[in-house]
Every structure is written in C-alpha cells, then in structure tokens.
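Peer 1: For what it's worth, the working numbering labels the leading residue of the sequence shown as 9, then goes sequentially.
The beta-carbon is built from N, C-alpha and C at its ideal position, and this holds for glycine as well.
These numbers come from a predicted model, not from an experiment.
Structure provided below as structure tokens; questions to follow.
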Amino acid sequence: MLLAFILVIVLVKTSLLGLGGISIVIAALSLLIIKLTSLDISMSHRLQFKRLFKVALWGHISAYLALFLKVILIDGFEDIPTFIVSHLILHHVLCATVAGVSVFLALRIYTDHRRTENIPSTK
C-alpha cells in the first residue's frame, strides 16, 4: 500500500511542476505496477488506485490533445504569442486540477483504508 501512495505523491509533484509528459509516464507505469504486482492491497483499494491513475493519465493526455488542437487552429505568425501564453495558462491549470483531484482521491483511499483497518472483526 505504501508503494501506491508513493507513486501518487510523485505523480502529484510532477503534475504541480507542469511536467505533463513525465506524469503520463508515471501514471501509465503505476497502472502497470498495480496490475502486475500484489502490493498487499485489497481489491476495492486496488480499483480505487487504478481509477486515480486513470484520471491522472487521461487528464494529462487531454491537456496535450488541447495543445494539438490549438496548434491546428493557428492562422498565422501573429497567433503564436497568444498560443504560447494561452497554452502555458491552460496547461498549468489542467495540471493543477489533475494534481488536486489526485490528492482528493488519495485521501479518500487513505481514510477508507483507515476505516476498514479499525473495524473490529466479529467472531
């Protein structure tokens, strides 16, 4: 469980720094790690971590799709400064949103884990 939270922390840090490409790689590798290894995580927590990493992956991919769409819509050289400024703003807003959602989902997983850990078993 600790490795999954470490992966979330690294993902959030790279997202906040605006490193979308690295965040895509980290999210994809994290999905692969969650799928291929047993991290002593219950199935419900495993599914929640998968959802978290998928949200981060598709959030960052959508930022790059928006960039590609904006590149296609450039009419001439006079649009390039506007494109650069608007992309920087859009990119950092989307990366911060992905990081915020990832933190929120990680906190939900953590509180759910703590709640299920503290429930006494009845025999």
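Between L27, L60, L25 and L44, which lies nearest to F13 when the distance is taken from Cα to Cα?
Peer 2: As a first step, residue 13 must be located in the sequence shown, where it is residue number 5. Checking every option, the nearest Cα to that of F13 belongs to L60.
Peer 1: Go ahead and pull the three-state DSSP assignment for I88.
Peer 2: Locating residue 88 in the sequence shown gives position 80, where the first residue counts as 1. The answer is helix: DSSP assigns I88 an H, G or I state.
Peer 1: Expressed to the nearest angstrom, what Euclidean distance is found between the alpha-carbon atoms of F57 and L98?
Peer 2: Here residue 57 refers to the residue found at position 49 when the sequence shown is read from its first residue. Here residue 98 refers to the residue found at position 90 when the sequence shown is read from its first residue. Looking at the two C-alpha atoms, the distance is approximately 26 angstroms.
Peer 1: Rounded to whole angstroms, how far is the Cβ of L47 from the Cβ of L11, which I believe are closer than 8 angstroms?
Peer 2: Sequence index remark: in the sequence shown, residue 47 carries index 39 (1-based). Sequence index remark: in the sequence shown, residue 11 carries index 3 (1-based). Between L11 and L47 the Cβ distance is about 6 angstroms, and since that is below 8 angstroms, they are a contact.
Peer 1: Compare the C-alpha of I34 against each of I49, M9, V63 and H53 and name the closest.
Peer 2: In the sequence shown, the residue the question calls residue 34 occupies position 26. Of I49, M9, V63 and H53, the residue nearest in Cα terms is V63.
Peer 1: When the Cα atoms are used, what is the spatial distance from V106 to R123?
Peer 2: Here the question's residue 106 lines up with position 98 in the sequence shown. Here the question's residue 123 lines up with position 115 in the sequence shown. Rounded to the nearest whole angstrom, the C-alpha separation of V106 and R123 is 26 angstroms.
Peer 1: Would H95 and K78 be called neighbours here (beta carbons separated by less than 8 angstroms)?
Peer 2: Here residue 95 corresponds to residue number 87 of the sequence shown, with the count starting at 1. Here residue 78 corresponds to residue number 70 of the sequence shown, with the count starting at 1. In this structure, K78 lies closer than 8 angstroms to H95 by Cβ.
Peer 1: What's the C-alpha gap between G28 and N126?
Peer 2: Here residue 28 corresponds to residue number 20 of the sequence shown, with the count starting at 1. Here residue 126 corresponds to residue number 118 of the sequence shown, with the count starting at 1. Roughly 37 angstroms separates the two Cα atoms.
Peer 1: Considering Cα atoms alone, identify which of Y118, L40 and L19 is closest to I30.
Peer 2: On the sequence shown, residue 30 is found 22 positions in, with the first residue counted as 1. Of the candidates Y118, L40 and L19, the one whose C-alpha sits nearest the C-alpha of I30 is L19.
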